[in-house]
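Everything below concerns the one structure shown next.
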Amino acid sequence: SQGQTKSINHLQTDFSRNAPVLQRLDRSMSSVTVPPPACLLRPLEAPLRYLFGPGPSNVPPRVLAAGGRPIIGHLHPEMYGIMNDIKKGIQYAFQTENKMTISMSGSGHAAMECAVFNAVEPGESVLVAVNGIWGERVAEIAERMGELLLLFSKEDPYDSIESNDIFFAVEKHKPVLFFLTHGESSAGLCHPMDGIGDICRKHNCLFLVDTVASLGAAPIYMDKQSIDILYTGSQKALNAPPGTAPISFNERACQKMFNRKTKPVSYLFDMTHLSNYWGCDGKPARAYHHTGPVSGFFALRESLAILAETGLEESWRKHKEVSGYLQRGLEDLGLKLFIPERDLRLPSVTTIAIPEGYDWREMLVYIMKNHQMEMTGGLGPSIGMVMRIGLMGYNCEKTNADMALQALADALKNCKKTRG
Ligand SMILES: Cc1ncc(COP(=O)(O)O)c(C=O)c1O
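Following this line, the structure appears as structure tokens:
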């Protein structure tokens with residue numbers, strides 16, 4: 001009734017600082033049947049952790065601060081300026097002059113799907129190199145589009161694939177797209193890239209490369225290595241929060257994707273719209289397509305600024321130095337590295353064979369509990385075979401390698417042997 005409402009209003013004024021009383025009274029009057037969840041009435045808690053797994057990695061304060069700046073409209077001219085800066089930063093990080101260079105509003109998977117959905121039409125064939133989970137994942141995506149062909153290493157499922165084998169597979173099957181992961185984070189493998197783009201070009205096939213786990217940590221040259229589509233993620237060596245994913249298409253890729261007979265299956269990932277949203281299509285006006293993650297783009301811009309200031313070559317050098325230091329330390333602990341060939345080891349994510357007689361889950365839980373440090377087990381096919389340590393970007397320091405080694409030594413000493 002009117003009187004009741006008045007008295008509630010009166011109480012609200014009087015007890016404005018007494019939230020629980022207010023909530024109880026409000027609820028008795030409420031039309032909602034699902035109450036506000038009690039967990040949300042408590043403050044947010046996110047512990048400080050050493051993120052020494054395969055990502056996300058710890059984010060430098062400067063990038064966090066950029067992401068925490070007040071929001072501006074996603075279609076404001078200042079935002080377009082920031083998006084243009086991001087584009088330039090990605091061109092530098094990818095070593096490309098491609099105009100069609102943008103960031104996805106989404107994680108690495110968004111870029112993966114964007115690449116496949118735009119480059120492939122239903123029924124076309126896609127060749128996927130598999131040496132860990134990421135080839136498997138792209139195969140799963142490509143399978144929804146067309147005919148799928150898988151290519152494995154002849155020697156070992158986690159090994160790099162010989163250029164000759166790629167040549168014969170591309171020549172024989174004539175796929176429209178060949179996918180290869182540069183930094184296979186589930187195996188800890190950094191795949192050689194030279195010459196593969198030329199093989200694809202010769203057979204009129206687009207070369208798609210995933211650098212989510214390797215960009216900034218290991219050399220990649222999109223233009224020089226004739227890579228037609230390249231993507232990465234924000235949360236690894238780039239050191240931005242997860243949720244944005246740079247991607248670039250060269251002229252060959254644009255020719256193919258903008259001359260399709262069918263529309264891409266995804267509206268959100270349709271490059272016809274995204275290229276306009278990012279001002280890459282030469283049209284004077286940018287139209288609304290979706291609301292981009294403004295804070296995520298602020299943070300991404302800052303992380304690309306750090307990479308530009310540091311310099312790509314210095315970033316590659318440091319990842320190599322620190323990963324080499326970590327690997328020597330691991331061998332000194334008696335641990336066996338999963339990728340035997342030194343030159344094929346991914347500098348951002350190091351994989352260790354599970355030490356004989358230990359339960360890897362128990363070791364990881366011990367390390368998290370006693371050292372507040374994340375290391376992880378394998379992923380997909382490498383589960384139960386490896387443990388993974390990632391020292392990327394901001395975390396790529398010898399002092400962090402020492403901490404990781406101490407935590408592992410402690411776990412080896414204290415985690416009881418369950419087998420052997
Ligand atoms: C090599 C590689 N590709 C793709 C992805 C998927 O990225 P996201 O988890 O950001 O979707 C990852 C994530 O770990 C990765 O390491």
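Numbering-wise, full-length UniProt numbering puts 259 at position 259 of the sequence shown, and it's gapless, one number per residue. Every residue, glycine too, gets a C-beta built ideally from N, C-alpha and C.
Does the separation of the CB atoms of residue i and residue j fall below 8 Å?
| i | j | result |
| --- | --- | --- |
| A119 | V128 | no |
| A169 | C190 | no |
| T350 | I389 | yes |
| A353 | K336 | yes |
| L208 | A93 | no |
| M104 | A240 | no |
| D159 | N204 | no |
| S323 | L379 | no |
| G67 | F298 | yes |
| Y325 | C415 | no |
| L177 | L215 | no |
| I86 | R301 | yes |
| L148 | A142 | yes |
| M363 | Y50 | no |
| A213 | L346 | yes |
| M100 | S275 | yes |
| S153 | P381 | no |
Which one of the options has the shortest CA to CA distance from residue i?
| i | options | result |
| --- | --- | --- |
| S303 | C39, P43, V63 | V63 |
| M193 | H182, S186, A187, R201 | H182 |
| M112 | E121, W134, E356, P122 | W134 |
| R342 | G123, G188, T376, Y277 | G188 |
| N400 | V34, S57, P43 | S57 |
| T291 | L149, Q406, Y277, W360 | Y277 |
| N98 | G81, D165, C254, P242 | C254 |
| R317 | M375, E397, E374 | E397 |
| K256 | M271, S266, M222, Y267 | M271 |
| H289 | S348, L75, S31 | L75 |
| I247 | R144, A407, T211, E171 | T211 |
| S163 | S186, D198, E184, A407 | D198 |
| S125 | R144, P175, E155, Q95 | P175 |
| G123 | G393, P264, I71 | P264 |
Please report the distance separating the alpha-carbon of residue i from that of residue j.
| i | j | result |
| --- | --- | --- |
| F269 | K417 | 49 Å |
| A237 | S107 | 14 Å |
| Y231 | P60 | 22 Å |
| Q2 | Q235 | Its pLDDT being 40, under 50, Q2 is placed unreliably in this model, and the coordinates cannot settle the point. |
| C200 | Q225 | 11 Å |
| M387 | H319 | 19 Å |
| G146 | H173 | 13 Å |
| L180 | N395 | 26 Å |
| K261 | E121 | 8 Å |
| G279 | A285 | 8 Å |
| R361 | M403 | 19 Å |
| Q12 | A46 | Confidence at Q12 is low in this model, with a pLDDT of 45, below 50, so the placement of that residue should be treated as unreliable; the coordinate-derived value is given next. If you take the alpha carbons of Q12 and A46, they lie about 32 Å apart. |
| F249 | E321 | 31 Å |
| G55 | R252 | 32 Å |
| L405 | L412 | 10 Å |
| G81 | I339 | 43 Å |
| D228 | F117 | 15 Å |
| G334 | M385 | 17 Å |
| G311 | T33 | 56 Å |
| L48 | I166 | 44 Å |
| D410 | R137 | 35 Å |
| D14 | M83 | With a pLDDT of 47 at D14, under the threshold of 50, the modelled position of this residue cannot be trusted; read the value that follows with caution. In a straight line, the C-alpha of D14 is about 48 Å away from that of M83. |
| E171 | D332 | 45 Å |
| M375 | A287 | 43 Å |
| I161 | H109 | 23 Å |
I'd like to confirm something about residue i: is its beta-carbon nearer than 7 Å to some heavy atom of ligand 1, or not?
| i | result |
| --- | --- |
| A237 | no |
| P242 | yes |
| P54 | yes |
| W134 | yes |
| T181 | yes |
| G123 | no |
| A213 | yes |
| H109 | yes |
| M112 | yes |
| D210 | yes |
| S185 | yes |
| G188 | no |
| G311 | no |
| G233 | yes |
Determine, for residue i, whether the minimum Cβ-Cβ distance to residues of chain D falls below 8 Å.
| i | result |
| --- | --- |
| G106 | Among the chains in the structure shown there is no chain D, since it carries only a single protein chain. |
* Counting only runs of 3+ residues fully inside the segment 121 to 178, write out the beta strand (DSSP E) ranges in chain order. => 125 to 130, 147 to 152
* Complete alpha helix (DSSP H) runs within the segment 288 to 375 (minimum length 4 residues, chain order) -> 294 to 310, 312 to 332, 360 to 371
* List in chain order: all unbroken alpha helix (DSSP H) runs of 4+ residues lying wholly within the segment 236 to 291. => 251 to 257, 271 to 277
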